[in-house]
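Chemist: In order, the protein sequence lines correspond to chains E and H.
The opening position of the first sequence corresponds to residue 3 in our numbering, with each subsequent residue numbered one higher.
The opening position of the second sequence corresponds to residue 3 in our numbering, with each subsequent residue numbered one higher.
Even for Gly, the Cβ is constructed at its ideal location relative to N, Cα and C.
So that we are looking at the same thing, I have put the structure below in structure tokens.
2 protein chains.
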Amino acid sequence: MSSLAQNIISAIHDVVGIEPVSLHEPRFPGNESKYVQECLDSTYVSSVGKFVDHFEEELVNFTGAKYVIAVVNGTAALHMSLLLAGVENSDEVLIPALTFVATANAIRYCGAVPHFVDSEESTLGVDPCALREYLKSITEQHSGFCINRRTKRRIRALVPVHIFGHPCRLEEIMAVTRDFNLVLIEDAAESLGSLYQGQHTGTFGLFGTLSFNGNKTITTGGGGAILTDDSELAKRARHLTTTAKLQHRWEYLHDEVGFNYRLPNLNAALGYAQMECLSEFLASKRRLFERYRDAFLDVPQVRLFMEPDFCRSNYWLQTLLMDESISDQRDVVLEDTNDADLMTRPAWTLMHRLEPYRDFPSMQLPVAKSLASRIINIPSSSGLA
Amino acid sequence: MSSLAQNIISAIHDVVGIEPVSLHEPRFPGNESKYVQECLDSTYVSSVGKFVDHFEEELVNFTGAKYVIAVVNGTAALHMSLLLAGVENSDEVLIPALTFVATANAIRYCGAVPHFVDSEESTLGVDPCALREYLKSITEQHSGFCINRRTKRRIRALVPVHIFGHPCRLEEIMAVTRDFNLVLIEDAAESLGSLYQGQHTGTFGLFGTLSFNGNKTITTGGGGAILTDDSELAKRARHLTTTAKLQHRWEYLHDEVGFNYRLPNLNAALGYAQMECLSEFLASKRRLFERYRDAFLDVPQVRLFMEPDFCRSNYWLQTLLMDESISDQRDVVLEDTNDADLMTRPAWTLMHRLEPYRDFPSMQLPVAKSLASRIINIPSSSGLA
């Protein structure tokens with residue numbers, strides 16, 4: 003085993019002990035069983051029920067978004083947000099190349115075209131300065147829309163992603179969307195509990211989206227949410243995610259092509275209980291970060307990623323950044339750590355390298371490429387702190 | 003109150019008693035709490051876990067399908083089946099005008115075009131004779147494909163729906179799909195437990211789809227399943243519904259635009275317990291039918307719909323058919339029964355009458371129109387028997 007891998011394993015062992023650990027495990031220390039049982043007892047397990055209301059209210063209280071619509075997963079939340087933001091067939095939507103594939107997929111579901119953007123090392127998210135220069139060079143404004151001069155297509159929206167929970171540089175990003183007439187939709191799937199200048203991520207754009215998949219800070223089994231401050235759009239989101247059915251005592255009238263995307267009450271019952279634990283989870287994850295930080299102080303050529311100073315991160319996934327000079331050892335480290343029963347993962351394969359996304363427009367991606375070759379996520383469950 | 007409504011209310015009261023009753027309520031008389039708690043204890047609540055496997059195995063055993071893939075809902079099951087059957091942008095797909103809107107929506111998600119077909123009174127489903135005559139008159143075969151001469155589009159598939167649980171005339175329907183080179187996908191969302199000549203509905207086509215929504219014979223909160231006998235297509239369905247991620251120890255590689263459609267383990271735990279109750283539910287629903295049959299014997303101008311003799315129905319929703327001559331009283335009966343706290347519903351609004359589906363191709367729909375004006379569903383929960 004390389005001394006690098008040995009150092010990393012030993013630092014992780016110092017923090018989490020020597021038992022096998024996975025990357026991120028859910029925990030149910032609160033009222034999870036109780037509320038789920040209550041839901042079964044009520045027989046309202048499906049798309050109607052008080053736990054959906056409770057869960058949405060708690061998300062409103064916690065995030066400060068005016069409206070929250072709970073849906074089946076984060077992908078569905080993105081899909082609906084894009085549609086409601088007016089993204090149409092053949093529009094382009096800017097997203098970081100360094101993201102989970104769901105961000106790109108949701109754009110394809112609208113028949114739209116993902117357009118890949120570079121990242122910055124200080125936030126791991128979209129680099130607003132590089133993006134501004136790029137848009138200056140390739141777009142022109144036409145009737146209030148941002149047109150890609152090369153493809154002649156409209157660039158409709160920008161979807162920054164708060165990678166591993168760390169907020170992007172939202173102020174500068176919002177200046178870009180303002181100056182270039184783009185809709186801002188925040189993919190906050192990973193950043194429940196993360197604040198930018200004291201305000202919750204996901205509440206800066208026209209829409210923000212959350213995920214409650216099993217690997218997230220809180221889970222509903224599968225689940226997601228749409229955040230918005232716009233009452234009309236919130237109403238439309240509720241309508242569109244419930245097969246666009248009009249209210250009527252008995253008639254089945256649907257006024258547009260709708261979706262079956264609402265979160266079942268059973269999953270919301272779990273989510274409502276998890277919301278009661280969220281503050282403790284976040285405190286634990288921050289403690290875990292602090293313990294890793296101390297443990298990795300003496301590991302050469304590797305640095306534990308720290309929240310940028312303008313924000314407070316939920317530290318969803320703890321992230322090691324290897325020095326450029328040793329990035330060729332990434333796979334060996336992944337191999338050795340996983341062999342040692344410490345579950346570690348690289349960043350996602352960059353979108354433009356995936357078979358279904360090879361032929362889409364992209365800016366130069368020097369930083370995303372570098373980050374993707376050097377990132378290793380290490381065990382991050384709140385239960386480890 | 004009209005004497006017709008009085009007679010109907012009194013017949014329903016004879017069967018279900020005088021307490022308020024809803025149209026269809028779930029019941030959890032078995033191991034529902036136990037398995038759901040076991041799932042929480044395992045912490046595997048999300049898209050991986052033993053309950054998904056167990057639930058799928060039980061569905062294989064029960065339906066006789068070779069492969070079952072559990073997904074988030076019946077709409078997702080249809081969407082995936084259509085995609086995997088090769089339905090492409092601008093293809094036409096034949097569906098009954100008399101169905102729930104999800105059948106049409108799933109076609110639109112593929113960018114394809116629903117083409118509406120008439121029903122028959124004896125099954126409430128697609129009329130294979132009328133369809134054959136219609137296809138003879140408007141289609142021609144070209145390179146092994148069925149082409150709509152009017153629209154020049156390829157008609158790719160036929161999706162019959164087993165309405166309210168009653169099997170369509172599958173033998174004649176399969177003859178049509180064979181003779182006209184159409185793919186058969188059965189929408190069996192409503193017909194879990196229904197047999198056609200002793201074989202389970204949903205296992206005759208290239209794909210069959212089930213729904214486990216809260217109003218169905220068994221429920222998972224939200225859920226659905228894809229049935230198929232084709233091992234390659236089953237593999238593709240699993241792949242496509244889990245973001246098309248390739249197996250790798252750590253890399254995130256996705257080889258096509260995938261979907262986040264797998265059923266969470268939490269919901270599968272509920273479904274697994276419900277499968278243990280299914281036989282009893284079906285027996286109860288049949289008993290309920292028999293009791294309604296007796297109670298409605300003396301109600302003039304109204305007939306309780308009975309399974310066709312070539313099949314065994316799950317009697318998901320009990321159905322009254324009013325005589326043509328009194329169909330103008332349908333809304334009064336709906337009003338009076340609901341006022342009496344007996345939840346009743348008409349059939350769905352015919353698809354071609356819905357705003358988003360007005361301009362799509364359709365055959366003449368005399369029977370569907372007549373049925374839609376005369377059907378009333380009455381309380382059908384298995385707990386009522």
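To be precise: take each residue of the region 32–58 of chain E, compare its Cβ to all Cβ atoms of chain H, and keep it if any distance is under 7 Å. Which residues remain?
Modeler: Glu34, Ser35, Val38, Gln39, Leu42, Thr45, Val47, Ser48 and Ser49
Chemist: Which chain H residues are close to E/Trp252, counting only those with a beta carbon under 8 Å from its beta carbon?
Modeler: Leu336, Asn340, Thr346, Arg347 and Pro348
Chemist: Along chain E, in chain order, which residues have C-beta atoms closer than 9 Å to that of H/Leu126?
Modeler: Simply none; closest approach about 15 Å.
Chemist: Threshold first: 4 residues or longer. Then list the alpha helix (DSSP H) segments lying entirely within the region 46–101 of chain H, N to C.
Modeler: 52–65 and 76–86
Chemist: Tell me the DSSP secondary structure of E/Asn407 in three-state form.
Modeler: Since the displayed chain E opens at 3 and closes at 387, residue 407 of chain E lies outside it and no answer follows.
Chemist: Please report the distance separating the alpha-carbon of E/Lys287 from that of E/Pro28.
Modeler: 12 Å
Chemist: Would you give the residue range spanned by the beta strand (DSSP E) that H/Asn217 belongs to?
Modeler: That residue, H/Asn217, is in no beta strand (DSSP E); it is neither H nor E in DSSP.
Chemist: How would you call E/Cys131, buried or exposed, if buried means at least 16 neighbouring beta carbons within 10 angstroms?
Modeler: E/Cys131 is exposed by the Cβ-count criterion.
Chemist: One question on the structure: do E/Arg152 and E/Ile140 come within less than 7 Å of each other, judged by their Cβ atoms?
Modeler: yes
Chemist: Spatial neighbours of H/Leu85 within its chain, please: C-beta separation below 8 Å, excluding the five flanking residues on both sides.
Modeler: Counting only Cβ-Cβ distances below 8 Å, and skipping sequence neighbours, we find Cys112 and Leu242.
Chemist: Tell me where the alpha helix (DSSP H) around H/Met277 begins and ends.
Modeler: Asn267 to Phe298
Chemist: Between the Cα of H/Val115 and those of H/Ser382, H/Leu336, H/Lys154 and H/Arg347, spot the shortest distance and give me the residue it belongs to.
Modeler: It is H/Lys154 whose Cα lies nearest to the Cα of H/Val115.
Chemist: Based on Cα-Cα distance, which residue from H/Asp300, H/Pro368, H/Lys138 and H/Thr211 lies nearest to H/Val178?
Modeler: H/Lys138
Chemist: Can you find a C-beta in chain H that's less than 7 Å from the C-beta of E/Val103?
Modeler: yes
Chemist: Could you have a look at H/Gly385 and say whether DSSP puts it in helix, strand or coil?
Modeler: H/Gly385: helix per DSSP, three-state reduction.
Chemist: I want to verify the contact list: residues of chain H whose CB lies under 9 Å from the CB of E/Asp257, in sequence order.
Modeler: Near E/Asp257 (Cβ distances below 9 Å), the residues of chain H are Leu356, Glu357 and Pro358.
Chemist: From the DSSP output, which residues share a beta bridge with E/Ser121?
Modeler: Partner(s): E/Val128.
Chemist: List, in chain order, every chain H residue whose beta-carbon is nearer than 9 Å to that of E/Thr30.
Modeler: Residue identity check: residue 30 of chain E is Phe in the sequence provided, not Thr. Listed along chain H, the residues sitting closer than 9 Å to E/Phe30 by beta-carbon distance are Leu42, Asp43, Thr45 and Val47.
Chemist: Please identify the residue among H/Lys237, H/Gly225 and H/Val334 whose C-alpha is closest to the C-alpha of H/Leu390.
Modeler: This structure cannot settle anything about residue 390 of chain H, because the visible part of chain H is limited to 3 through 387.
Chemist: Report buried or exposed for H/Glu135, applying the criterion of at least 16 other Cβ atoms within 10 angstroms of its Cβ.
Modeler: exposed
Chemist: Would you mind telling me which residues of chain E sit closer than 7 Å to H/Gly223, beta carbon to beta carbon, in chain order?
Modeler: Here the neighbours are Val47, Ser48, Pro266, Asn267, Leu268 and Asn269.
Chemist: So, is the C-beta of E/Asn107 closer than 7 Å to a C-beta in chain H?
Modeler: yes
Chemist: According to DSSP, simplified to helix, strand and coil, what is H/Phe261?
Modeler: coil
Chemist: Of the residues that make up the region 271–304 of chain E, which ones have a beta carbon closer than 8 Å to any beta carbon in chain H?
Modeler: Leu272
Chemist: Could you give the residue range of the beta strand (DSSP E) that holds H/Gln320?
Modeler: Gln320 to Met324
Chemist: Would you please state the rounded distance, in angstroms, between the beta carbons of H/Tyr1 and H/Phe53? I believe it to be under 8 Å.
Modeler: Because residue 1 of chain H is not part of the residues shown, which for chain H are 3 to 387, the question remains open.
Chemist: Residues of the region 10–31 of chain E in Cβ contact with chain H at a cutoff of 8 Å, in chain order, please.
Modeler: Correct list: Glu27, Pro28, Arg29 and Phe30.
Chemist: Give a yes or no on whether 7 Å exceeds the smallest Cβ distance from E/Thr179 to chain H.
Modeler: no
Chemist: Give the DSSP-derived three-state secondary structure of E/His241 in the structure shown.
Modeler: helix
Chemist: Beta-carbon of H/Thr219 versus every beta-carbon of chain C: anything under 7 Å?
Modeler: This model lacks chain C altogether; the protein chains it does include are E and H.
Chemist: For E/His354, name the three-state secondary structure that DSSP assigns.
Modeler: helix
Chemist: Would you kindly check if the distance between the Cβ of H/Met308 and the Cβ of H/Arg376 is under 7 Å?
Modeler: no
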